[in-house]
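Peer 1: Residue numbers (this note's numbering): 723 to 966.
We put the CB at the ideal spot given by N, CA and C, even for glycine.
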Amino acid sequence: VFALYSEQAEEIGQLYGIPAERISVIGAGYRNELFVPGKKQAVIPAIVYGGKLSRAKGVPWMLRAFASITDLPWTLLLAGGGTDPERAECIELAGRLGNRVTIAGPLRQEEFAAVLSGANLFILPSLYEGLPLVLPEALASGCFCLATDLPGVRDILGIAGDEWLRLIPCPPLQGTDTIVPGNESKFVINIASKLREVLTDLYAGPPSQESTSELRERLKNCTWDAVFQRMEQIYCALAGKTSR
723 VFALYSEQAE
733 EIGQLYGIPA
743 ERISVIGAGY
753 RNELFVPGKK
763 QAVIPAIVYG
773 GKLSRAKGVP
783 WMLRAFASIT
793 DLPWTLLLAG
803 GGTDPERAEC
813 IELAGRLGNR
823 VTIAGPLRQE
833 EFAAVLSGAN
843 LFILPSLYEG
853 LPLVLPEALA
863 SGCFCLATDL
873 PGVRDILGIA
883 GDEWLRLIPC
893 PPLQGTDTIV
903 PGNESKFVIN
913 IASKLREVLT
923 DLYAGPPSQE
933 STSELRERLK
943 NCTWDAVFQR
953 MEQIYCALAG
963 KTSR
């Protein structure tokens, strides 16, 4: 049995009574030929959010957090679509931030890769994720990443390290992706606090070429080729054959 991330493997074992040794965590892949670092902004950090403009993705609280950081320079690009009324709520909140924010709408993968290539920071404040493929894509593009502390995100943290990926405490939830009433303001504060922390690091200077190269080396296990090789090795072992 294949699982995307560690906690999912545990859940599969518990739900279906499958021994841990019969479950393999293989992850998910990104296109390493497409997502590569480019020339980064040197003065005003360019921040990107990519995903649905919705509450489940944490976008309204993220935008409120940005509204509290008026004393520092930054720009934010929102890439993704959504459905009303949640999309309209996000666009209205983004509009309050003036020309600091660009609403790009849905982007093709090649367009999104180009945006990440020039960005300094990628933010993903989701209330629920499986294994967010966009994080390895952003990391491979040389972006610092800020994401909610979720099980699949922790697996990526184990690869990237906290030099490149910082975690936002996840608020208490009811159901899968709804914040327990009374905890929304704290979530905004936590996002803003982590944003300030990462922005301060960015102002201190860009990551070294050595650090970026080391990160891409670690991310080799997250490419589609690496994922396929892991699956092939398992299939061949079960069939009693040798993989290519």
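Around the Cβ of residue 888, are there at least 16 other Cβ atoms within 10 angstroms (buried) or fewer (exposed)?
Peer 2: Buried.
Peer 1: Would residue 776 and residue 747 qualify as a contact pair, given that the criterion is a beta-carbon distance under 9 Å?
Peer 2: Their beta carbons are not under 9 Å apart, which means residue 776 does not touch residue 747 by this criterion.
Peer 1: Are three or more beta carbon pairs between the segment 839-853 and the segment 889-904 nearer than 8 Å?
Peer 2: Touching, per the Cβ criterion.
Peer 1: Short of 7 Å in beta carbon distance, which residues of its chain neighbour residue 811, apart from the five on each side in sequence? Order them along the chain.
Peer 2: Counting only Cβ-Cβ distances below 7 Å, and skipping sequence neighbours, we find 782.
Peer 1: Taking Cβ to Cβ, would you say residue 838 is nearer than 9 Å to residue 869?
Peer 2: No, these two residues do not count as a Cβ contact at 9 Å.
Peer 1: Nearest to residue 756 by alpha carbon, out of 927, 921, 830 and 725?
Peer 2: The option with the nearest alpha carbon to residue 756 is 830.
Peer 1: For residue 795 and residue 933, I'd like the C-alpha separation in whole angstroms.
Peer 2: Distance between the alpha carbons of residue 795 and residue 933 is about 25 Å.
Peer 1: Look at the Cβ atom of residue 770, then the Cβ atom of residue 841, and state whether they are nearer than 9 Å.
Peer 2: Yes, they are a contact pair.
Peer 1: Quick one, are the C-beta atoms of residue 855 and residue 824 less than 9 Å apart?
Peer 2: In this structure, residue 824 does not lie closer than 9 Å to residue 855 by Cβ.
Peer 1: Please report the distance separating the alpha-carbon of residue 741 from that of residue 789.
Peer 2: Rounded to the nearest angstrom, the two C-alpha atoms are 48 Å apart.
Peer 1: Looking at residue 787 and residue 921, is the spacing between their C-beta atoms short of 9 Å?
Peer 2: In this structure, residue 787 does not lie closer than 9 Å to residue 921 by Cβ.
Peer 1: Could you have a look at residue 763 and say whether DSSP puts it in helix, strand or coil?
Peer 2: Note: residue 763 maps to coil in three-state DSSP.
Peer 1: Kindly list the residues whose CB is nearer than 7 Å to the CB of residue 759, restricted to its own chain and excluding five residues on each side of it in sequence; keep chain order.
Peer 2: Closer than 7 Å at Cβ, skipping near neighbours: 839, 863, 864 and 934.
Peer 1: Have a look at residue 904 and residue 879 and give me their C-alpha separation to the nearest angstrom.
Peer 2: One C-alpha to the other measures close to 29 Å.
Peer 1: Can you give me the C-alpha to C-alpha distance between residue 960 and residue 954, rounded to a whole angstrom?
Peer 2: Straight-line Cα distance between these residues: approximately 10 Å.
Peer 1: Is the CB-CB distance between residue 809 and residue 882 below 9 Å?
Peer 2: No. Outside cutoff.
Peer 1: Could you check where the beta strand (DSSP E) with residue 778 kicks off and where it finishes?
Peer 2: Premise fails: residue 778 is in no beta strand (DSSP E) and is neither H nor E.
Peer 1: From residue 778 to residue 895, what does the alpha carbon distance come to, in whole angstroms?
Peer 2: Straight-line Cα distance between these residues: approximately 11 Å.
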